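A.B. asks: Chains as they are written, first to last, in our numbering: chain A, 47 to 440; chain B, 47 to 440.
Positions of the beta carbon are idealized from the N, C-alpha and C atoms, including for glycine.
Note that this is a predicted model, so its numbers are computed, not measured.
Starting off with a structure, shown below.
There are 2 protein chains.
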Amino acid sequence: MQVDGQRFLKDLHMLRSFGAQGVGVVRPAYSEPDVAARDWLADQMRDAGLRVEMDAMGNLFGLAEGPSLLLGSHSDSQPTGGWLDGALGVIAALEIARAAGGGVSVVSFQDEEGRFGVTTGSAVWSGNLALDTADGLLDHSGVSLADARQAVAGMVTGDVDSAQFTGFIEMHIEQGPYLEANAEQIGVVSQIVGIRDMAVTLTGQQNHAGTTPMHLRQDAFQALSAFNTALNDRLRNVVTPSTVWTIGHVSLSPNASSIVPGQVRFSMQWRDGDGDRLLRMETIIRELAAEIAQERNMKLDFGPMLGLEPVQMDDGLRSALETAAEAEAPGKWRKMPSGALHDATNVSKLMPVAMLFVPSIGGISHAFEEDTAEEDLVTGLRVMARAVDQVLAG
Amino acid sequence: MQVDGQRFLKDLHMLRSFGAQGVGVVRPAYSEPDVAARDWLADQMRDAGLRVEMDAMGNLFGLAEGPSLLLGSHSDSQPTGGWLDGALGVIAALEIARAAGGGVSVVSFQDEEGRFGVTTGSAVWSGNLALDTADGLLDHSGVSLADARQAVAGMVTGDVDSAQFTGFIEMHIEQGPYLEANAEQIGVVSQIVGIRDMAVTLTGQQNHAGTTPMHLRQDAFQALSAFNTALNDRLRNVVTPSTVWTIGHVSLSPNASSIVPGQVRFSMQWRDGDGDRLLRMETIIRELAAEIAQERNMKLDFGPMLGLEPVQMDDGLRSALETAAEAEAPGKWRKMPSGALHDATNVSKLMPVAMLFVPSIGGISHAFEEDTAEEDLVTGLRVMARAVDQVLAG
Numbered sequence: 047m048q049v050d051g052q053r054f055l056k057d058l059h060m061l062r063s064f065g066a067q068g069v070g071v072v073r074p075a076y077s078e079p080d081v082a083a084r085d086w087l088a089d090q091m092r093d094a095g096l097r098v099e100m101d102a103m104g105n106l107f108g109l110a111e112g113p114s115l116l117l118g119s120h121s122d123s124q125p126t127g128g129w130l131d132g133a134l135g136v137i138a139a140l141e142i143a144r145a146a147g148g149g150v151s152v153v154s155f156q157d158e159e160g161r162f163g164v165t166t167g168s169a170v171w172s173g174n175l176a177l178d179t180a181d182g183l184l185d186h187s188g189v190s191l192a193d194a195r196q197a198v199a200g201m202v203t204g205d206v207d208s209a210q211f212t213g214f215i216e217m218h219i220e221q222g223p224y225l226e227a228n229a230e231q232i233g234v235v236s237q238i239v240g241i242r243d244m245a246v247t248l249t250g251q252q253n254h255a256g257t258t259p260m261h262l263r264q265d266a267f268q269a270l271s272a273f274n275t276a277l278n279d280r281l282r283n284v285v286t287p288s289t290v291w292t293i294g295h296v297s298l299s300p301n302a303s304s305i306v307p308g309q310v311r312f313s314m315q316w317r318d319g320d321g322d323r324l325l326r327m328e329t330i331i332r333e334l335a336a337e338i339a340q341e342r343n344m345k346l347d348f349g350p351m352l353g354l355e356p357v358q359m360d361d362g363l364r365s366a367l368e369t370a371a372e373a374e375a376p377g378k379w380r381k382m383p384s385g386a387l388h389d390a391t392n393v394s395k396l397m398p399v400a401m402l403f404v405p406s407i408g409g410i411s412h413a414f415e416e417d418t419a420e421e422d423l424v425t426g427l428r429v430m431a432r433a434v435d436q437v438l439a440g
Numbered sequence: 047m048q049v050d051g052q053r054f055l056k057d058l059h060m061l062r063s064f065g066a067q068g069v070g071v072v073r074p075a076y077s078e079p080d081v082a083a084r085d086w087l088a089d090q091m092r093d094a095g096l097r098v099e100m101d102a103m104g105n106l107f108g109l110a111e112g113p114s115l116l117l118g119s120h121s122d123s124q125p126t127g128g129w130l131d132g133a134l135g136v137i138a139a140l141e142i143a144r145a146a147g148g149g150v151s152v153v154s155f156q157d158e159e160g161r162f163g164v165t166t167g168s169a170v171w172s173g174n175l176a177l178d179t180a181d182g183l184l185d186h187s188g189v190s191l192a193d194a195r196q197a198v199a200g201m202v203t204g205d206v207d208s209a210q211f212t213g214f215i216e217m218h219i220e221q222g223p224y225l226e227a228n229a230e231q232i233g234v235v236s237q238i239v240g241i242r243d244m245a246v247t248l249t250g251q252q253n254h255a256g257t258t259p260m261h262l263r264q265d266a267f268q269a270l271s272a273f274n275t276a277l278n279d280r281l282r283n284v285v286t287p288s289t290v291w292t293i294g295h296v297s298l299s300p301n302a303s304s305i306v307p308g309q310v311r312f313s314m315q316w317r318d319g320d321g322d323r324l325l326r327m328e329t330i331i332r333e334l335a336a337e338i339a340q341e342r343n344m345k346l347d348f349g350p351m352l353g354l355e356p357v358q359m360d361d362g363l364r365s366a367l368e369t370a371a372e373a374e375a376p377g378k379w380r381k382m383p384s385g386a387l388h389d390a391t392n393v394s395k396l397m398p399v400a401m402l403f404v405p406s407i408g409g410i411s412h413a414f415e416e417d418t419a420e421e422d423l424v425t426g427l428r429v430m431a432r433a434v435d436q437v438l439a440g
């Protein structure tokens, strides 16, 4: 097939205009710009000869006749997001469906950015999350998903059967620094890393910061700091250079400068491509927290463990992407894990999936400054088109 | 004079009922229970033959005729506070004024607990803080002191001249564990320690917690943890067993489990009886924060330094308290510094001051569980009454 790089870039900039704010985009799920963007996308799908359907969640499909390969991503953005993120994968899918003239369907999933959860739209579509349960989820301002999705009610046609799709390929920006740092244009994803996330609470004794001697304190912040320092040390023997762990949320109580903090609740999140390593890390985290709590005479509580297992990309689809990457960007591509979660994680429950990345300038994403060189965007489009050609020729 | 322990305890329990919540008290400055308590206190002062006056801040005075010794503390509480704290000193003053029948005035300062700052009421009365400046202070919910103090506007009579007072004695709970641990009933305060308090902000780079490799992160929480660990180590050579330092407030941004925190703002507070030591600690804190910021390529900002110098108690008043303590609780009292700040710190700018402590059960204060044995409360009252007798006879 012959994709049109200029038409692809023009459509990408058109989608950018929905919710544009400076160079960034404010287009969270079910917002007015999100609904307007889906309406515009539906028109483009129809113009490309696709049948437009939308399920109750607002996942928008442009369907080819008969069995087809599904391409796409999501067109909702973070509350203050970049212009590419999921939009890139949706518009690349549209251009390839147009160029292929059959055999290729397009999807824009809803609420990948998690206004109501995590990849909510594809989670419901893939059966990982029941719609009834999803309907009860609330955003940060207390709006329920059930209420929010009324904004797309006029476009809903009904369920979309996944059995018609032979596989799913998602193109996305890397959201990290590796490709740019190595002057590469394409990342073919080997796996999407697994994630573990739990809240940890350490409870000591709130006390007066002037009259409580240091040796009698049960200071929750000091316990957290000691835990963090020891954890960084103990994980060294277990992790690889692509393992990550983060304490991103910390809530002290009572959080006042003149009071020894009696309690801390913090988030402990870790990600790796190897399920066994995730488990070894969990053991270290739980044992170390228990040691710290015992040493300091504090109470320890773990919240529920949230997690997603690592997802391997399909060999056949991945191999087609690798062949295409070498043809379009010889020596300028790499195999790499995805450290970020994507809709492909959910879709992998239903069919073979694969992903490819293009570079993120400065590794920046989920921010207005997010950007990718036009040349790299078009190279990504060409690699995916070539891989689709090979898969369809099967 | 002959003080009445039962009447004193009865009044103390009556004051407890304003803002009572279980065994604790919720009576922050200018709240409805605080204003009602001041109204009740004014009645008790009048019944004791004192002239009631209130200044614009809401500091409530019961004035004896002619020159007098001022006794008292504050009747406002922490947002969730204990029943004794400042209330004890106010009711002890009331009982002694009643028993003395002249020469003793009573005060309940306003906002000692710092809804708007630190010992705000006595700071304004003593001239340490201009009323205009104080009026611009905001509480955590954004209410200005200017607006809040309208709640007592109906009781305000005008400025109260400090020249009529020959000295100030404040009785308070210890808010620490020393007296109880040593089975002692009275602490005669030698000095109130000095305090330094400043906000520190470290700014790195907010980023995706899945795609940003550990070695490329500029994680503000990790910087704080490293600072804290190194600080505990470096201070060891400078501090004494009674020196304290606290990180009690931590605010991460954006404070989300899936985002590498780009910024942390935290409180750094330290206290000691020696002004030189406070300065040496400041140097260590500033230098270490700068080192951490440089190592991690982060931006460092220090907020304004709030501080109070250590305050020595007046020799004459202190000696009267020591003599009285030995008479009422022979062998069961000690001289000790006050690690907590008190209204006496501000009042020391105007006149000789002294303080005495009674034990805090379990060292607990600023919490609902705060308590002191009735026997110790009454002993405290007797010691102060005996000392006042001696000073007035002086």
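Between the segment 74 to 83 of chain A and the segment 119 to 135 of chain A, do three or more beta carbon pairs fall short of 8 Å?
C.D. replies: Touching, per the Cβ criterion.
A.B. asks: Taking 9 Å as the CB-CB limit, is Gln-268(A) close to chain B?
C.D. replies: Closer than 9 Å to some Cβ of chain B, the Cβ of Gln-268(A) qualifies, so yes.
A.B. asks: Identify the contact partners of Ser-411(B) in chain A, using a Cβ-Cβ distance below 8 Å as the criterion.
C.D. replies: In chain order: Asn-253, His-254 and Thr-257.
A.B. asks: Please identify, using Cβ separations under 9 Å, the residues of the segment 200 to 226 of chain A that lie next to chain B, in order along the chain.
C.D. replies: Cβ contacts with chain B: Glu-220, Gln-221, Gly-222, Pro-223 and Tyr-224.
A.B. asks: By the three-class DSSP mapping on this structure, what secondary structure does Met-100(B) have?
C.D. replies: It is a strand residue.
A.B. asks: Which bits of chain A does Gln-315(B) rub up against, with CB to CB less than 9 Å?
C.D. replies: Here the neighbours are Ala-255, Gly-256, Ser-303 and Ser-304.
A.B. asks: Name the chain B residues that come within less than 9 Å of Pro-307(A), Cβ to Cβ?
C.D. replies: In chain order: Thr-292, Ile-293, Gly-294, His-295 and Val-296.
A.B. asks: Examine the Cβ distances between the segment 334 to 343 of chain B and the segment 382 to 398 of chain B and report whether three or more of them are shorter than 8 Å.
C.D. replies: No: fewer than three Cβ pairs fall under 8 Å.
A.B. asks: Trp-129(B) lies in the beta strand (DSSP E); which residues open and close that run?
C.D. replies: Taken as a continuous stretch (DSSP letters only), Trp-129(B) belongs to no beta strand (DSSP E), as it is neither H nor E.
A.B. asks: Beta-carbon of Pro-287(A) versus every beta-carbon of chain B: anything under 9 Å?
C.D. replies: Closer than 9 Å: yes.
A.B. asks: With 9 Å set as the bound, which would you pick, yes or no: does the beta-carbon of His-261(A) sit closer than that to a beta-carbon of chain B?
C.D. replies: Taking Cβ atoms only, chain B reaches closer than 9 Å to His-261(A), which makes this a yes.
A.B. asks: For a test of the three-state rule: what should DSSP assign to Arg-364(A), helix, strand or coil?
C.D. replies: Of the three classes helix, strand and coil, the one that applies to Arg-364(A) here is helix, per DSSP.
A.B. asks: Check this for me: beta carbons of Val-152(A) and Phe-214(A), under 9 Å apart or not?
C.D. replies: The answer is no: Cβ separation not under 9 Å.
A.B. asks: Buried or exposed: Glu-420(B), going by 16 or more other Cβ atoms within 10 Å of its Cβ?
C.D. replies: It counts as exposed.
A.B. asks: Cβ closer than 8 Å: which chain B residues qualify as neighbours of Asp-243(A)?
C.D. replies: In chain order: Ser-303 and Ser-304.
A.B. asks: Closer than 9 Å, CB to CB, is Val-437(A) near chain B or not?
C.D. replies: Judged by the 9 Å Cβ criterion, Val-437(A) is not in contact with chain B.
A.B. asks: Could you run through the segment 380 to 405 of chain B and flag, in chain order, every residue whose CB is less than 8 Å away from some CB of chain A?
C.D. replies: Those would be Ser-384, Gly-385, Ala-386 and Leu-387, in chain order.
A.B. asks: Just how far apart, CA to CA, sit Asp-93(A) and Met-217(A)?
C.D. replies: Their backbone Cα atoms lie some 22 Å apart in a straight line.
A.B. asks: Are the Cβ atoms of Asp-467(B) and Thr-289(B) separated by less than 9 Å?
C.D. replies: The requested residue 467(B) is not part of the displayed model; chain B covers only 47 to 440.
A.B. asks: Can you tell me whether Asp-389(B) is buried or exposed? The criterion is at least 16 other CB atoms within 10 Å of its CB, across all chains shown.
C.D. replies: By the neighbour-count rule (16 or more Cβ atoms within 10 Å), Asp-389(B) is buried.
A.B. asks: Rounded to a whole number of angstroms, what is the C-alpha to C-alpha distance between Ala-272(B) and Phe-348(A)?
C.D. replies: Answer to the nearest angstrom: the Cα atoms are 24 Å apart.
A.B. asks: Whose C-alpha, out of Gly-127(B), Asp-178(B), Ala-143(B) and Ile-137(B), is nearest the C-alpha of Gly-160(B)?
C.D. replies: The option with the nearest alpha carbon to Gly-160(B) is Gly-127(B).
A.B. asks: Taking Ala-370(B) as the reference, which of Ala-431(B), Trp-86(B), Leu-346(B) and Met-327(B) has the closest Cα?
C.D. replies: Checking every option, the nearest Cα to that of Ala-370(B) belongs to Ala-431(B).
A.B. asks: Less than 8 Å between C-beta atoms, sequence neighbours within five positions excluded: which residues of the same chain meet that for Ala-229(B)?
C.D. replies: Cβ within range, chain order: Lys-378.
A.B. asks: Does the segment 422 to 429 of chain B touch the segment 138 to 152 of chain B, meaning 3 or more C-beta pairs lie closer than 8 Å?
C.D. replies: Taking 8 Å as the limit for Cβ pairs, the verdict is that the segment 422 to 429 of chain B does touch the segment 138 to 152 of chain B.
A.B. asks: Let's see if you can read the secondary structure: which residues bound the beta strand (DSSP E) around Leu-438(B)?
C.D. replies: No beta strand (DSSP E) contains Leu-438(B), which is instead part of the alpha helix (DSSP H) from 420 to 439.
A.B. asks: Give the straight-line distance between the Cα atoms of Asp-205(A) and Phe-155(A), rounded to the nearest whole angstrom.
C.D. replies: The alpha-carbon atoms of Asp-205(A) and Phe-155(A) are separated by roughly 13 Å.
A.B. asks: Write down every uninterrupted run of the beta strand (DSSP E) in the segment 188 to 223 of chain A whose length is 3 residues or greater and which is fully enclosed by it, in chain order.
C.D. replies: The qualifying runs are 211 to 219.
A.B. asks: With 9 Å set as the bound, which would you pick, yes or no: does the beta-carbon of Val-239(A) sit closer than that to a beta-carbon of chain B?
C.D. replies: Closer than 9 Å: yes.
A.B. asks: Cα separation between Val-246(A) and Glu-372(A)?
C.D. replies: Val-246(A) and Glu-372(A): Cα-Cα distance of roughly 46 Å.
A.B. asks: When Cβ atoms are compared, which residues of the segment 139 to 161 of chain A fall closer than 7 Å to chain B?
C.D. replies: Listed by position, the residues of the segment 139 to 161 of chain A near chain B (Cβ gap below 7 Å) amount to none.
A.B. asks: Who are Asp-318(B)'s beta bridge partners in DSSP?
C.D. replies: Answer is Gly-240(B).
A.B. asks: Can you tell me whether DSSP reads Gln-231(B) as helix, strand or coil?
C.D. replies: Coil.
A.B. asks: So, helix, strand or coil for Ala-245(A), using DSSP?
C.D. replies: Strand at Ala-245(A).
A.B. asks: For Val-296(B) and Gly-51(B), I'd like the C-alpha separation in whole angstroms.
C.D. replies: So the two alpha carbons sit approximately 44 Å from each other.
A.B. asks: Which value, in whole angstroms, describes the spacing of the CA atoms of Arg-53(B) and Tyr-224(B)?
C.D. replies: Taking the straight line joining both Cα atoms gives about 28 Å.
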